[in-house]
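Residue numbers (our numbering), protein chains in the order written: chain A, 1 to 113; chain B, 114 to 225. C-beta atoms are modelled at their ideal positions from N, C-alpha and C, and glycine is treated no differently. Here the structure is a predicted model, which is why all the values come from computation and not from measurement. Okay, structure first, notes after.
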């Protein structure tokens, strides 16, 4: 069966510090991968998606970036965090041929102080 | 403007009671609609999925309905349990693109 992992589970970082969140998927190959952010009282916002290694599409302009160094690894990064980057970050995957069926990871709670 | 609107924003009910959550959407062309349950601090988990031709779909005590003509969906929870306390998110996908359209969710609290 397929599983999706995210770490860390929680993170507290000062403004201006770098960020690296990691997501890995097991039990499938060539998945589509997604990064979402969920701010308090708001719906999920798609940040990035990837349909293959090295292929990243950005949905919204921001100071975050994403990379996919391996087939089942998706990384969310920032060089300098802003207060507004605080939120709940969710990674999701979907089968390569079905983008509708997205399965979510456990999430990372990021607090920028 | 968000293409998926959910109501109510929050709801408190007594254990054992039923409740109904609403979802209205403007997403077009419509592909399917999902209801997700998200426990606090966890990722969303899919409860039901309905395509254009489906009017109702059940998953245990959860029953979702879809009226594609009026672009409305509802999620009915029967005989609520404390473990039903969570945020319920309506998600609508269109035929084009990778982005799903998420509602802001309804926060449900079931009290003893």
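**Request:** Excluding the 5 residues preceding and the 5 following residue 12 of chain A in the sequence, name in chain order all residues of the same chain whose CB lies nearer than 7 Å to its CB.
**Result:** 111, 113
**Prompt:** If you drop the 5 nearest sequence neighbours on each side, which residues of the same chain put their C-beta closer than 8 Å to that of residue 77 of chain A?
**Reply:** 18, 19, 20, 21, 64, 65, 66, 67
**Those runs of the beta strand (DSSP E) which lie wholly inside the stretch 153-191 of chain B and span at least 3 residues** = 158-164, 169-172, 175-180, 185-190
**Message:** What I want to know is whether the C-beta of residue 132 of chain B ends up closer than 7 Å to one or more non-hydrogen atoms of the ligand NAD.
**Reply:** Absence of the ligand NAD is noted for the structure shown, with no ligands found whatsoever.
**Request:** Using the DSSP secondary-structure output, state which residues sit across from residue 112 of chain A in a beta bridge.
**Result:** A:13
**Message:** Helix, strand or coil for residue 83 of chain A? Go by DSSP, reduced to three states.
**Reply:** helix
**Message:** In whole angstroms, give me the CA-to-CA distance for residue 119 of chain B and residue 180 of chain B.
**Reply:** 15 Å
**Asked** Can we say the stretch 26-34 of chain A touches the stretch 124-136 of chain B, given the rule of at least three CB pairs closer than 8 Å?
**Response** no
**Prompt:** From residue 199 of chain B to residue 104 of chain A, what does the alpha carbon distance come to, in whole angstroms?
**Reply:** 16 Å
**Asked** Given that residue 215 of chain B touches chain A, what residues does it touch there, using C-beta distances under 7 Å?
**Response** 43, 44
**Prompt:** Using a beta-carbon distance cut-off of less than 8 Å, what residues from the stretch 163-176 of chain B approach chain A?
**Reply:** none
**residue 223 of chain B, buried or exposed, once every other Cβ within 10 Å from all chains shown has been counted against 16** = buried
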